[in-house]
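Scroll down for the structure; my scribbles are underneath it.
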């Protein structure tokens with residue numbers, strides 16, 4: 001398995017892990033009555049900002065651990081330099097990712113138009129963001145194996 005494939009697999013699992021743990025913590029606090037996510041939309045803004053900060057810090061830690069483990073496992077082989085093929089693969093994967101996130105955005109607006117509560121928009125944003133990240137990294141793995 002190539003370095004880029006391993007990196008994308010780590011990205012997928014770290015995204016799933018961070019989102020699942022953070023979502024579970026927020027949901028438990030909501031059930032305990034610490035805040036009401038169905039009416040307090042400013043709390044959603046705070047939750048998103050905290051999620052972004054926590055996600056960045058945890059991902060940095062995960063990437064450092066990944067690079068250490070990868071260096072030990074491969075005995076210090078150099079990380080491949082990103083060439084035009086890698087850039088093309090990333091562009092195609094980002095395109096797929098944007099389609100998924102845009103679809104989630106449209107879905108949330110349509111749901112709102114059909115009478116769904118406003119807080120569902122935030123939930124759909126989180127889910128579509130996670131799915132777009134999975135599609136981005138999954139597309140990169142697919143394009144690296146298939147070739148572009």
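Numbering (our numbering), first residue to last: 1 to 148. Ideal Cβ placement from N, Cα and C applies to all residues, glycine included.
Rounded C-alpha distance that separates residue i from residue j
i           : j           : result
residue 70  : residue 36  : 43 angstroms
residue 24  : residue 1   : 33 angstroms
residue 19  : residue 78  : 31 angstroms
residue 10  : residue 146 : 20 angstroms
residue 115 : residue 68  : 50 angstroms
residue 122 : residue 48  : 9 angstroms
residue 117 : residue 106 : 15 angstroms
residue 64  : residue 7   : 11 angstroms
residue 32  : residue 22  : 15 angstroms
residue 53  : residue 73  : 30 angstroms
residue 129 : residue 41  : 19 angstroms
residue 125 : residue 16  : 15 angstroms
residue 91  : residue 39  : 39 angstroms
Close Cβ partners of residue i (< 7 angstroms) along its chain, the five nearest in sequence each way excluded
i           : result
residue 93  : 136, 139, 140, 143
residue 209 : Residue 209 is absent from the model: the chain starts at 1 and stops at 148.
residue 75  : none
residue 29  : 35
residue 51  : 22
8 angstroms contact criterion, which residue i and residue j should meet: CB distance rounded
i           : j          : result
residue 86  : residue 4  : 7 angstroms
residue 97  : residue 62 : Contact flag wrong, Cβ pair sits at about 19 angstroms.
residue 134 : residue 12 : 6 angstroms
residue 89  : residue 26 : Going by Cβ atoms, the distance from residue 89 to residue 26 rounds to 34 angstroms, so no, they are not a contact pair.
Own chain, CB closer than 8 angstroms to residue i, minus 5 neighbours either side, in chain order
i           : result
residue 120 : 108, 111, 112
residue 46  : none
residue 66  : 6, 7, 10
Any chain D beta carbon closer than 8 angstroms to residue i
i          : result
residue 41 : No chain D appears in this structure, which consists of one protein chain only.
Beta-carbon proximity list for residue i, same chain, < 6 angstroms, skipping 5 on both sides
i           : result
residue 131 : 100
So, do the region 89-103 and the region 55-67 have three or more beta carbon pairs nearer to each other than 8 angstroms? Touching, no, given that fewer than three Cβ pairs across the two stretches are closer than 8 angstroms.
Within the region 27-76, note down every full beta strand (DSSP E) run reaching 3 residues or more, in order along the chain. none
Every unbroken alpha helix (DSSP H) inside the region 81-119 [4 residues or more]: 84-113
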